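> This is the structure I want to talk about, given as structure tokens.
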């Protein structure tokens, strides 16, 4: 009688991280086309800036991909304690050689994957380096559920804000009437809410008449 062979169960695949999602998003832009990838990875309620805020899926609908996609890479990722929300930041380079940075808010989906819900950035004079291992900072887990009382005064501007389910990561963006905008993010470090991103984008230059 042949002995029974006991086969060990294969270990479950690790859930994708926000960095994994960012890299897959960037790879899809090269393989599938820039706007095709943006549509694929955007949540239904996602917002992007062109430069004013727009609903991403409506803006991207039927938009043709450029001949060559922008290239981008993450340099840092800030993740809530419960893993429900993350903010990635990094660098990008256009086919014409223009360089800049981005900050993107990601929300974990019920299937364990990620979709982006806010995406913005600006140009730079010097490109951000492409690290082999981006910095990852996870918020400290609170002893009890914590609700952040931080609010943004609208001042008549366009504003949105959000936080993770456990209140350990908080973000907001503001666009003033002239088109100048900001994006900020904070995480809980066990003692206080610590600022991790503070992007300030100048108003677009008016087109020459």
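Numbering (the working numbering), first residue to last: 15 to 223.
Where a beta carbon is used, it is the ideal one built from N, C-alpha and C, also for glycine.
Since the structure is predicted, the reported quantities are computational estimates derived from the model, not experimental observations.
1) Nearest to residue 129 by alpha carbon, out of 135, 120, 137?
2) What do you reckon, are the CB atoms on residue 156 and residue 200 nearer than 8 Å?
3) Starting from the Cα of residue 148, find the closest Cα among 89, 71, 81 and give me that residue.
4) Excluding the five sequence neighbours on either side, which residues of its own chain have a C-beta within less than 7 Å of the C-beta of residue 83, listed in chain order?
5) If you compare alpha carbons, which of 95, 57, 112, 113 is closest to residue 150?
6) Where residue 153 and residue 213 are concerned, what is the direct C-alpha to C-alpha distance, given to the nearest angstrom?
7) How big is the Cα-Cα spacing for residue 30 and residue 126?
8) Please classify residue 195 as buried or exposed, where buried requires at least 16 other C-beta atoms within 10 Å of its C-beta.
9) So, with DSSP's three-state summary, where would you put residue 15?
On the basis of the supplied data:
1) By one-based count along the chain shown, residue 129 stands at place 115. Cα-wise, what sits closest to residue 129 is 120.
2) Your numbering for residue 156 matches position 142 in the chain shown. Your numbering for residue 200 matches position 186 in the chain shown. Not closer than 8 Å, so no.
3) Translated into the one-based positions of the chain shown, residue 148 becomes position 134. Nearest option by C-alpha distance: 89.
4) Within the chain shown, residue 83 is the residue found at index 69, counting from 1. Closer than 7 Å at the Cβ level, and outside the excluded window around residue 83, lie 43, 44, 47, 48.
5) For the purposes of this step, residue 150 is taken as residue 136 along the chain shown, with counting starting at 1. Nearest of 95, 57, 112, 113 to residue 150, Cα basis: 95.
6) The residue you call residue 153 lines up with position 139 of the chain shown. The residue you call residue 213 lines up with position 199 of the chain shown. Straight-line Cα distance between these residues: approximately 20 Å.
7) One-based indexing of the chain shown puts residue 30 at position 16. One-based indexing of the chain shown puts residue 126 at position 112. Roughly 7 Å separates the two Cα atoms.
8) One-based indexing of the chain shown puts residue 195 at position 181. Residue 195 should be labelled buried.
9) Here residue 15 corresponds to residue number 1 of the chain shown, with the count starting at 1. Bear in mind that the predicted position of residue 15 carries a pLDDT of just 45, short of 50, making it too unreliable to give a figure here.
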